[in-house]
Every structure is written in C-alpha cells, then in structure tokens.
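Participant:
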Amino acid sequence: MTRGLGAMGRALATTVAAAGHPTTVWNRTPGRAGDLDTARTSETRSVRDAVRASTLVVVCLLDAASVREVLDPVTDALDGRTLVNVTTTTPEQSRALGTWADAHGAAYLDGGIMAVPPMIGGDGSLVLYSGDPAAYERWRSVLERWGESPYLGDDAGLAALYDLAMLAGMYAMFAGFFHGAAMVATAGISARAFAESAVPFVSAMVPAFLEYAAVIDGGDYGVPGQQSLEFSVLSDMVQASVDAGVAPDVVAAVQGLIRAQIDAGHGKDGFARAYESIARPTTGAAR
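In this note's numbering, the protein residues as written are 3 to 289.
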C-alpha cells in the first residue's frame, strides 16, 4: 500500500500499518516517515517504487491536478493495480481520473474522507467510496480500517459529490456561527460564551434535516405544520446586523432564497421551499 505523508496521509498510513498491513509511503518532501513504525512502514523516494510496492495504491494529495502530475510519469506501473484516490476533487474531476486510470489498466475507486486526521480509524470516521465495485469488495477490509466505508455506486463521481455536498452544509453552518459571533461581539460577548449557548441549540435543530428532507422528497411544500416562508423572513436579522456594523452577507443570502419564493407567490408554503431557489434557480419559483 502506498500514499503521501501530509497530515491525512500520515493518519491513513499509520492506521493500516498498525492493523498489520505492510505499507510503503512516498511524499514530495522526503524524510517525513521518520517517526512511523518501521516494522510495517517503509519510505521510498521514488513514485515508481511506491506504486510498484503494492497492488493497492492510495493517493492523498492537494488536488486533481497534483494526482496527474505525480502519476502521469509512471502510468505504465499502474497496470493491474487498484488506485484509490482520496484527494478532494469535483465529481467531474473524479470521473475523469477514473477514465484515465482505466485507460492505464488500473481499477479506480474515489474516496471522500468525512473526517479530520485524528478521527481516522476511530469512532465517527466516515470515508465514502464510489467507482469500481470489484475493487471495493476486494479491498473493503482494508478500507474499513479507516472508518465506516459505504459504497455509493459505480459512478466514480458520487463520492466527491457527497463529500462536497456534506461540506457545503458544514461550511454554511460554520459561517452562520461566525455571523452570530460577530453580532454578539458588538455587545462585548466573547465567541466562546456565544458558542456555549449556540452548540446545544444548533444540536437540537439538526434532526430537522430529516423533516425537511421528507418535505423536499415529497414535493409538497404546503404540508400542514410547517413554518411558512412569510414567517421565516429574515429582515429583522439583516437589519440588526447592519445596525451593528456587521456584514449581512450570510443571512442576506438566506433572505434572498426566501424572498424569491415569496415574490413568486409561495409565501404560505413551508420554509423548506427555499430549497427550490437553490436547486432550480431559474425555474424553481414556478414549481
């Protein structure tokens, strides 16, 4: 097994090596493997030697371009191997890498790591996979060393799609926290004090994802019992932000999604209808 030695690559290598799998590592900056378990892990200065060391090749790099930059010179060595790419890429980039790998005789799996390095191999670690089903089954016992390892399908772009979609929700949530922290900071309240109140509140709201999902999948935004779009208008929140000298961009973006649906005559529908402003920005309001 081969991989790079950034923070995530190191966590991946350490975990499988600890499980007894001989592991060869390569990094663009040599000498990064000094503190790894040398009984199970060896470092090579050559990409070609790293690829040839195992029939399972794991790539954890910066982006799709760096994957090609590193592997293009050694494509002849990929034949007959499984290439698992856990580099963050777009779905189209993942599909292109899958096609490229297939052209060079390698089975391709794309992986979306939904964890930070200290989580790898522990509770809560999740790595999503898509691509070659036979390769997934062959190496599943190894992949599961890193965490829960669901297989999403043979479309190589699915893991990246899920990865980025889940990160979109995470970053939007964090940005909302930053906005709230900036608002209360104008009253001398620390971000830590605000977080102590925000964490339990937001945690209690998270299960609403499932309720909103049921409405979205059902396609009926008029289901009784929902908070209406008209009730969800964020004008006061936007104005309070402006009054406090805080940039309203985060909440103004949500307000724009709500307003688009109200202006199209859907104000009585539930808040979940804001989804249409995102999913179908040119036609969603008329659905």
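Even glycine gets a Cβ: it sits at the ideal position worked out from N, Cα and C.
Treat the numbers as computed from the prediction; the structure is a model and nothing was measured.
#1: So is residue 149 buried or exposed if we call it buried at 16+ other beta carbons inside 10 Å?
#2: Using 8 Å as the Cβ pair cut-off and three pairs as the minimum, do the region 173-191 and the region 136-152 touch?
#3: Taking the alpha-carbon of residue 124 as reference, which of 8, 253, 17 has the nearest alpha-carbon?
#4: Can you tell me which of the three DSSP states residue 191 falls into?
#5: Assuming residue 100 and residue 158 are in contact, meaning their beta carbons sit under 8 Å apart, how far apart are those beta carbons, in whole angstroms?
#6: For residue 94, is the classification buried or exposed, using 16 other Cβ atoms within 10 angstroms of its Cβ as the cut-off for buried?
#7: Which stretch, first to last residue, makes up the beta strand (DSSP E) that contains residue 277?
#8: Out of 178, 264, 201, 119, state which residue places its alpha-carbon closest to the alpha-carbon of residue 240.
#9: Tell me the DSSP secondary structure of residue 139 in three-state form.
#10: Along the alpha helix (DSSP H) that carries residue 17, what are the first and last residues, could you check?
#11: Is DSSP giving residue 27 helix, strand or coil here?
#12: Pair every Cβ in the region 212-221 with every Cβ in the region 239-253, then say whether three or more of these pairs are closer than 8 Å.
#13: What separation, rounded to the nearest whole angstrom, lies between the Cα atoms of residue 52 and residue 42?
#14: DSSP has residue 85 in a bridge; who is on the other side?
#15: Within the 9 Å Cβ cut-off, does residue 280 reach chain D?
#16: Here's a check: name, in chain order, each residue in its chain whose Cβ is nearer than 7 Å to the Cβ of residue 155, leaving out the five neighbours to either side.
#17: Tell me which same chain residues have a C-beta within less than 7 Å of the C-beta of residue 4, skipping the five on either side of it?
#18: Unbroken alpha helix (DSSP H) runs of length 4 or more, entirely within the region 212-250: which are they?
#19: Suppose the cutoff is 8 Å on Cβ atoms and the five residues either side in sequence are ignored; what does the same chain contact list for residue 242 look like?
#20: How many angstroms separate the CA atom of residue 86 from the CA atom of residue 227?
#21: Could you check which residue in 270, 195, 263 has the C-alpha nearest to that of residue 280?
#22: Tell me which residues share the same chain as residue 96 and place their Cβ nearer than 6 Å to its Cβ, disregarding the 5 neighbours each side in the sequence.
#23: Going by the CB atoms, is the gap between residue 231 and residue 275 shorter than 9 Å?
#24: Less than 8 Å between C-beta atoms, sequence neighbours within five positions excluded: which residues of the same chain meet that for residue 23?
#25: May I ask you to report which of helix, strand or coil DSSP gives residue 4?
#26: Classify residue 207 as buried or exposed, calling it buried when 16 or more other Cβ atoms lie within 10 Å of its own Cβ.
#27: Please report the distance separating the alpha-carbon of residue 270 from that of residue 258.
#28: Going by CA-CA distance only, name the one from 8, 62, 106 that's closest to residue 129.
#29: What residues in its chain sit with their C-beta under 7 Å from that of residue 174, if we drop five residues either side in the sequence?
Facilitator: Let's see:
#1: Result: buried.
#2: Three or more Cβ pairs closer than 8 Å define a contact, and the region 173-191 falls short of that threshold against the region 136-152.
#3: Looking from the CA of residue 124, the closest CA among 8, 253, 17 belongs to 17.
#4: In the structure shown, residue 191 adopts coil according to DSSP, grouped into three states.
#5: About 3 Å; that satisfies the 8 Å criterion.
#6: Around the beta carbon of residue 94, a 10 Å sphere encloses fewer than 16 other beta carbons of the protein chains shown; the residue is thus reported as exposed.
#7: Unbroken run through residue 277 is the alpha helix (DSSP H), 276-281; no beta strand (DSSP E).
#8: The residue from 178, 264, 201, 119 with its alpha-carbon nearest to that of residue 240 is 178.
#9: In the three-state reduction of the DSSP assignment, residue 139 falls in the helix class.
#10: Start and end: 9-20.
#11: Looking at residue 27 - three-state DSSP - the assignment turns out to be strand.
#12: By the Cβ criterion, the region 212-221 is not in contact with the region 239-253, since fewer than three pairs of Cβ atoms, one from each stretch, lie closer than 8 Å.
#13: Between residue 52 and residue 42, the alpha-carbon positions lie close to 14 Å from each other.
#14: The secondary-structure analysis by DSSP pairs residue 85 across a beta bridge with 59, 110.
#15: Absent here is chain D; the protein component of the structure consists of one chain.
#16: Result list for residue 155: 132, in chain order.
#17: In this prediction, residue 4 scores a pLDDT of 44, lower than 50, which makes its location untrustworthy; the coordinate-derived value is nonetheless stated afterwards. Closer than 7 Å at the Cβ level, and outside the excluded window around residue 4, lie 26, 27, 28, 52, 53, 55, 56, 59, 60.
#18: Taking only runs of at least 4 residues, the alpha helix (DSSP H) segments lying wholly in the region 212-250 are 237-245.
#19: Excluding residues within five positions, the ones whose Cβ falls inside 8 Å are 185.
#20: When the Cα atoms are used, residue 86 and residue 227 turn out to be separated by approximately 46 Å.
#21: Among 270, 195, 263, the Cα nearest to that of residue 280 belongs to 263.
#22: The residues are 112, 158, 159, 162.
#23: Yes. Within cutoff.
#24: So the qualifying residues of the chain are 3, 42, 144, 147.
#25: Low confidence applies to residue 4: its pLDDT is 44, below 50, so where it sits in the model is not reliable enough to give any reading.
#26: Residue 207 is classed as exposed because its beta carbon has fewer than 16 other beta carbons within 10 Å across all chains shown.
#27: Straight-line Cα distance between these residues: approximately 16 Å.
#28: Relative to the Cα of residue 129, the nearest Cα in the group 8, 62, 106 belongs to 62.
#29: Around residue 174: no qualifying Cβ.
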